Amino acid sequence: MFFLECLSYRILSEHENHLKYTNSEMSEMECGKLALNIKVRLRDACEKRKSVLIGLWRIVRVIFDNDELVNAYKRLIRSWAVSTVMTRENLIPRTKQDTEDELIAALIPFWDMANHRHGHITSYFNMETCQMESTAQDDFNEGEQIFIHYGDRSNAELLIHNGFINSVNPKDSIAIKLGLSQSDPLYEKRSQLLQLLNIPKNGELKVLPAPEHISPELLAFVRVFNMNEEQLQHWICSERATDLLHIDCALETSLESKTWQYLQTRLMLLLRVFPTTLEADETQLAGVKCGKLQMAQIPVMILEYRILEKRILAAALDYAKQRTKA
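Residue numbering for the sequence shown follows this note's numbering, starting at 10 and increasing by one per position.
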């Protein structure tokens with residue numbers, strides 16, 4: 010009960026989750042992928058938990074027997090269930106295999122009391138004792154905070170699922186959606202080569218922070234996308250097809266030029282969609298931090314996320330320009 014009360018307190022006060030975002034705050038993210046991801050998550054979450062929420066509402070109705078109070082409480086339950094409890098479900102092995110499902114969702118109070126710090130996973134399910142076991146990442150003294158690693162998540166994922174961002178996140182990335190057109194005469198060959206590389210023909214691929222900038226999967230996809238029929242056939246038959254994932258793969262100059270020109274154009278378009286520049290956002294954030302501007306917590310967090318997103322895209326664009334010249 011104490012754990013559930015803590016979760017209730019956090020949803021009402023400290024825990025910043027996407028259900029708290031206003032229309033204006035959502036519009037601040039419309040130019041990037043984040044708003045769309047939040048909308049998709051909200052839709053999926055509400056569909057998956059619809060029956061559970063209806064059941065909770067009926068229980069509250071019986072307890073309070075007051076329509077006005079029930080209607081006011083209904084949103085609280087929905088917010089609490091979808092954005093707080095749902096994000097803390099962990100799939101663990103069942104102790105009794107009495108169903109077809111091998112895993113069951115469980116709440117683990119200790120994890121919810123620990124903040125995130127990048128590192129490595131130190132929690133495992135002990136099959137012998139049938140319990141979760143979690144250890145600290147480092148030595149600590151009495152009274153010091155214990156951190157755990159939430160997993161390798163981008164800032165978009167941290168913001169959506171956990172309600173915060175990490176300005177020095179080594180696992181940050183920007184997902185961009187790319188896909189093949191079925192009207193392309195070489196659609197089948199491109200699909201075949203992408204399958205050999207374990208890259209989806211339609212999906213999201215990552216732009217990374219420096220020094221990588223372009224993920225291997227994104228680079229290989231764009232290379233395949235720009236190949237002619239002869240080049241596609243060569244790599245489909247080659248035993249070294251996975252070389253396409255490497256930055257220094259030996260390719261014809263014309264293909265490599267097309268690849269980096271395509272990436273340059275795509276990154277440029279992504280940056281142009283934003284209504285403000287990176288410099289303007291950085292100036293605004295500096296004003297907030299020095300006290301010249303006043304902003305609420307959620308808008309500041311969105312502004313910080315937008316700056317990090319633009320920095321990754323801008324650095325990747327500069328890198329693509331350098332590769333194009335080379």
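All C-beta atoms, glycine included, are put in the ideal place defined by N, C-alpha and C. For clarity, every value in this text was computed on a predicted model and none was experimentally measured.
{"Query": "Tell whether a beta-carbon distance below 7 Å holds between residue 229 and residue 253.", "Result": "yes"}
{"Query": "For residue 278, count neighbouring C-beta atoms within 10 Å of its own C-beta (all shown protein chains included) and say buried if the count is 16 or more, exposed if not.", "Result": "exposed"}
{"Query": "Got a sec? Which residues, its chain only, sit under 8 Å from residue 310 by beta carbon, not counting five neighbours each side?", "Result": "25, 168, 173 and 174"}
{"Query": "Taking the alpha-carbon positions, what's the residue 317 to residue 307 distance?", "Result": "15 Å"}
{"Query": "Here's a check: name, in chain order, each residue in its chain whose Cβ is nearer than 8 Å to the Cβ of residue 224, leaving out the five neighbours to either side.", "Result": "182, 214, 215, 216 and 217"}
{"Query": "Measure the CB-CB distance between residue 123 and residue 101 and report whether it falls below 7 Å.", "Result": "no"}
{"Query": "Using CA coordinates, which residue listed in 227, 261 and 250 is at the minimum distance from residue 412?", "Result": "There is no way to answer for residue 412, as the model of the chain reaches only from 10 to 335."}
{"Query": "Can you check DSSP and say which residues form a bridge with residue 159?", "Result": "None, per the DSSP bridge assignment."}
{"Query": "Comparing alpha-carbon positions, which option in 325, 143 and 313 lies nearest residue 165?", "Result": "313"}
{"Query": "Take residue 196 and list the residues in its own chain whose beta-carbon comes closer than 8 Å to its own, dropping the five residues that flank it on each side.", "Result": "189 and 190"}
{"Query": "Assign residue 148 to one of two classes, buried (16 or more other C-beta atoms within 10 Å of its C-beta) or exposed (fewer than that).", "Result": "exposed"}
{"Query": "Spatial neighbours of residue 3 within its chain, please: C-beta separation below 6 Å, excluding the five flanking residues on both sides.", "Result": "Here the chain comprises residues numbered 10 to 335, so residue 3 is not present and cannot be evaluated."}
{"Query": "What number of angstroms, rounded off, separates the C-alpha of residue 163 from the C-alpha of residue 139?", "Result": "31 Å"}
{"Query": "Alpha carbon to alpha carbon, what distance is there between residue 283 and residue 263?", "Result": "31 Å"}
{"Query": "Between residue 142 and residue 271, what straight-line distance do the alpha-carbon atoms span, to the nearest angstrom?", "Result": "48 Å"}
{"Query": "Given a cut-off of 7 Å on the beta-carbon distance, is the pair residue 322 and residue 276 in contact?", "Result": "yes"}
{"Query": "Assign residue 193 to buried or exposed, taking buried as 16 or more other Cβ atoms, counted over all protein chains shown, within 10 Å of its Cβ.", "Result": "exposed"}
{"Query": "Out of 211, 134, 221 and 126, state which residue places its alpha-carbon closest to the alpha-carbon of residue 176.", "Result": "126"}
{"Query": "If we count the other Cβ atoms within 10 Å of its Cβ and call it buried at 16 or more, is residue 130 buried or exposed?", "Result": "exposed"}
{"Query": "Using C-beta distances below 8 Å, list every residue in its chain close to residue 259, excluding the 5 sequence neighbours before and after it, in chain order.", "Result": "252"}
{"Query": "Helix, strand or coil for residue 16, going by three-state DSSP, please let me know.", "Result": "Unreliable positioning characterises residue 16 in this predicted model, as indicated by a pLDDT of 48, which lies under 50. The coordinate reading is nonetheless provided below. Three-state result, residue 16: helix."}
{"Query": "Determine the direct distance from the alpha carbon of residue 333 to that of residue 113, and round the result to whole angstroms.", "Result": "51 Å"}
{"Query": "Would residue 233 pass as a contact of residue 203 if the rule is Cβ separation under 7 Å?", "Result": "yes"}
{"Query": "If contacts are defined as beta-carbon pairs under 8 Å, then residue 255 and residue 325 qualify, I think. What distance do you get, rounded to the angstrom?", "Result": "Rounded, the Cβ-Cβ distance is 17 Å, inconsistent with contact."}
{"Query": "Using three-state DSSP, classify residue 329 as helix, strand or coil.", "Result": "helix"}
{"Query": "Here's the rule: buried if 16 or more other CB atoms are within 10 angstroms of the residue's CB, otherwise exposed. What is residue 273?", "Result": "buried"}
{"Query": "Do you know whose CA, among 287, 319, 304 and 219, lies nearest residue 328's CA?", "Result": "219"}
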